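Top to bottom, those sequences are chains A and B.
Position 97 (the first sequence) corresponds to 97 in the numbering used here; numbering is contiguous.
Counting the second sequence from 1 gives a position; the numbering used here is that position plus 305.
Just so you know, even glycine gets a beta-carbon here, dropped at the ideal spot from N, CA and C.
Treat the numbers as computed from the prediction; the structure is a model and nothing was measured.
Worksheet for the structure shown next.
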Amino acid sequence: MQAPQGKRRLNISMTTKTKLEGLLFVLPGFLYTVAVLGYPLVYNFLLSLRNVDVRTFVRGTSTFVGLANFKALFNNPTFLLVLKNTFVFTFGSLVFQFTIGFALALLFSKKFKLAGPVRGLLLIAYMMPMSVTAMLGKNIFGVSGLINDLLLKVGLIQQPVEWLVNTSTAMIGVVAMNCWVGIPFNMLILTSGLTTIPNSIYDSAAVDGATGWQRFRYITLPLLRPAILAVLMLGFIYTFKAFDLMFVMTAGGPLNATDVLGTYAYQLSFTKYQFSLGAATGMVLFCCLLVVGLFYLRLIAAEEE
Amino acid sequence: MPMRVERILSSREAKANAIYNVVAIIIAVIFLFPIYWLVMMSFKSDAEIFSPVLTYFPRDFTIQPWLLNIRDKEFFMSLRNSCIIATMSMCLSMVIGIPAAYGMGRYKVPGRRIMLLAFLVSQMLPPSLMLTPMYLIFNKMGLLGTYWAPVVAISSGSIPFIVIILRSYFNSIPRSLDDAARIDGCNALQSFFMIMLPAIKTGIITVAVISFLGGWNDLAYSMTFNVMPEMRPLTANIYKFQSKYGTRWNAIMAYGAILVTPVVLAFVFLQKYIVGGLTAGAVKE
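Written out as structure tokens, the structure is:
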């Protein structure tokens, strides 16, 4: 009786010790995240409820104004346009980068010699600095740029289009450049999802006489569901927060036609120095991300089980 | 008979293989054409840039646009800043992130579900949201105008990424390995440095490359927290050079090409690490 009890006590003290040991490894990272992200996030929330601009910030005379900043934003037609732009940009990008990325994934999940190397090469578009992508976009969507030249040669347009100067076409330019970045990412995630589907399922379906479309509809799509959901939600999160692309390519223009929540918050805080309005815009951005983020976390938690 | 069937099958397979390869090359050529465009434009002469006829290959190949950048003192300052910011944020995020990943991956730490949640959520917080509060906080702390402001902010994005990726790497090391280390008299730190880190070398390279590129690519933080051009990296000075060179797109493209170089080098030499890391970081295995 005595011995097992002693052993158990030893075990308990060992596990407490190792738990503490583990905590010591994790704690710096966790505290860093809380201090550098958590604290500013709370700070931003409080900021959005006050009237901090450059004057009240320096003098420390800001006051609590409740939801006045949010009221001001939602009564401002420019903000409503920016909000609409953000959703148009996000869904426009998602539709094209997902469908094209999916088509490429179907190809690159096949086993052939160049599958790996080419797949990797395409990722350069995803990994290169967004500011360079934006600059490149500014050039090729210019009046005498590559896009106009190609469209004229093919005969789709009769005269050059001022893509980034017209309010009606500027969004096309930024969405196109964003898709160029997003396609390889979608392809990568969906390819790795596709390779987890065992070939034997397809083989037995083929034996049962399933057509290519039927195999895609009833095997690929359902089994790929987690990867599809993940890539769509991550795509939303990555696209909705866009900043660099518009900042360099169009500066939100012309006439706010490509302004999104990220760039608008920046302008409010750092060109107009209305920090509280910038913070309130940030809160709207955060809430939209949070909704999708919660679904994403649930998906991950389900996989973790 | 069976041999003939096999031969027919394999020849059909070879044919499919060839078609796939050709299609893949065509896709790569179309998709990467903008990068060709970037590099090609950087070797055009001024006369060719301003000519109304758009050429798809430089008529008179010149390295003048590159020299224009390289001879510029401001360019070198920006390049140095890019290197400093990328290296500092890589080091900071690895020093803090790798132990955290180890703790999350190998110990049943109390509150680990909450902490994992915190790391996952923080991956979703964009610079465009954090700029305003961080600017005001850093202002109070006197960090604005130093390298630390962008470095601390950038690392807050790469640390959660490192934790999430390396957690599963650490998790996959067999338990017996650290038991053996403990029996041999290693303490926790010794077994971390001498057994665990070498065992996940691939993972370490992956996060090093990706967090370096994360710092290299940053625009928002560096641009907002450092107003003076002499503290800014290449990404943040890009439009300063744009206005300096006006519509001299050859010089601007050479600037862009230099900025893309580390990314291309990373892909040429370390492709498998990046591909693995990006996949693991986005969806859980």
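For residue i: DSSP bridge partner residues
i: arginine 50/A; result: Phe64/A
Cβ of residue i within 8 Å of any chain A Cβ
i: serine 433/B; result: yes
i: phenylalanine 498/B; result: no
i: phenylalanine 572/B; result: yes
i: glutamine 576/B; result: yes
i: valine 334/B; result: no
i: asparagine 555/B; result: no
i: serine 429/B; result: What sits at residue 429/B in the sequence shown is methionine, not serine. Answer yes: the Cβ-Cβ gap between methionine 429/B and chain A drops below 8 Å somewhere.
i: threonine 584/B; result: yes
i: leucine 373/B; result: no
i: isoleucine 579/B; result: yes
i: tyrosine 474/B; result: no
For residue i, the three-state DSSP class (helix, strand or coil)
i: leucine 10/A; result: Caution is warranted here: a pLDDT of 46 is assigned to leucine 10/A, below 50, making its placement in the model unreliable, and the coordinate value is therefore given only provisionally. Helix at leucine 10/A.
i: methionine 420/B; result: helix
i: alanine 541/B; result: coil
i: tyrosine 273/A; result: coil
i: asparagine 256/A; result: coil
i: glutamate 162/A; result: coil
i: arginine 376/B; result: coil
i: glycine 561/B; result: helix
i: lysine 413/B; result: coil
i: threonine 167/A; result: coil
i: methionine 306/B; result: Because the pLDDT of methionine 306/B is 43, which lies under 50, any placement of that residue in the model is unreliable, and the question is left without a value.
i: phenylalanine 108/A; result: helix
i: cysteine 491/B; result: coil
Straight-line Cα distance separating residue j from residue i
i: leucine 47/A; j: phenylalanine 275/A; result: 8 Å
i: leucine 384/B; j: proline 534/B; result: 12 Å
i: isoleucine 368/B; j: glycine 408/B; result: 51 Å
i: leucine 229/A; j: threonine 61/A; result: 47 Å
i: threonine 437/B; j: alanine 504/B; result: 41 Å
i: lysine 506/B; j: alanine 405/B; result: 16 Å
i: alanine 134/A; j: isoleucine 390/B; result: 21 Å
i: leucine 81/A; j: isoleucine 375/B; result: 42 Å
i: threonine 540/B; j: alanine 562/B; result: 12 Å
i: valine 165/A; j: proline 254/A; result: 6 Å
i: arginine 364/B; j: alanine 556/B; result: 16 Å
i: isoleucine 354/B; j: aspartate 259/A; result: 30 Å
i: phenylalanine 96/A; j: alanine 458/B; result: 32 Å
i: serine 57/A; j: phenylalanine 45/A; result: Sequence check: residue 57/A is phenylalanine here, not serine. Approximately 16 Å, taken between the alpha carbons.
i: phenylalanine 64/A; j: cysteine 491/B; result: 56 Å
i: alanine 454/B; j: tyrosine 202/A; result: 53 Å
i: alanine 302/A; j: methionine 187/A; result: 23 Å
i: leucine 194/A; j: valine 468/B; result: 26 Å
i: phenylalanine 336/B; j: glycine 235/A; result: 19 Å
i: threonine 336/A; j: tryptophan 371/B; result: Residue 336/A lies beyond the residue range present for chain A, which begins at 1 and ends at 305; the question has no answer from this structure.
i: isoleucine 100/A; j: serine 477/B; result: 34 Å
i: threonine 529/B; j: phenylalanine 270/A; result: 8 Å
i: tryptophan 521/B; j: leucine 27/A; result: 27 Å
i: methionine 501/B; j: lysine 549/B; result: 50 Å
i: isoleucine 579/B; j: isoleucine 515/B; result: 7 Å
i: glutamine 267/A; j: glycine 278/A; result: 8 Å
i: arginine 480/B; j: threonine 211/A; result: 47 Å
i: leucine 441/B; j: asparagine 322/B; result: 58 Å
i: threonine 78/A; j: phenylalanine 243/A; result: 17 Å
8 Å Cβ cutoff, residue i in contact with chain B
i: lysine 84/A; result: no
i: threonine 271/A; result: no
i: glycine 253/A; result: no
i: asparagine 256/A; result: no
i: glutamate 21/A; result: yes
i: tryptophan 180/A; result: yes
i: serine 93/A; result: no
i: lysine 71/A; result: no
i: isoleucine 124/A; result: yes
i: aspartate 149/A; result: yes
i: valine 291/A; result: no
i: asparagine 166/A; result: no
i: serine 307/A; result: Outside the modelled stretch of chain A, which goes from 1 to 305, sits residue 307/A, for which no answer is possible.
i: asparagine 199/A; result: no
Within chain D, the residues that residue i reaches when beta carbons sit closer than 7 Å
i: asparagine 522/B; result: You won't find chain D in this structure, because its protein chains are A and B.
Check your understanding: Should the segment 168 to 175 of chain A be called in touch with the segment 74 to 94 of chain A, which here means at least 3 C-beta pairs below 8 Å?
Key -> yes
Point to revise | Inter-stretch contact at 8 Å, needing at least 3 Cβ pairs: the segment 285 to 295 of chain A / the segment 73 to 82 of chain A | key: no
Check your understanding: Does the segment 357 to 365 of chain B come close enough to the segment 152 to 165 of chain A that 3 or more CB-CB pairs lie under 8 Å?
Key -> no
Review point. Counting Cβ pairs closer than 8 Å, one from the segment 198 to 207 of chain A and one from the segment 112 to 120 of chain A, do we hit at least three?
Key: no
Review point. Are the segment 94 to 112 of chain A and the segment 276 to 288 of chain A touching, with three or more C-beta to C-beta distances below 8 Å?
Key: no
Review point. Pairing CB atoms from the segment 462 to 479 of chain B with CB atoms from the segment 411 to 431 of chain B, are three or more of them under 8 Å?
Key: yes
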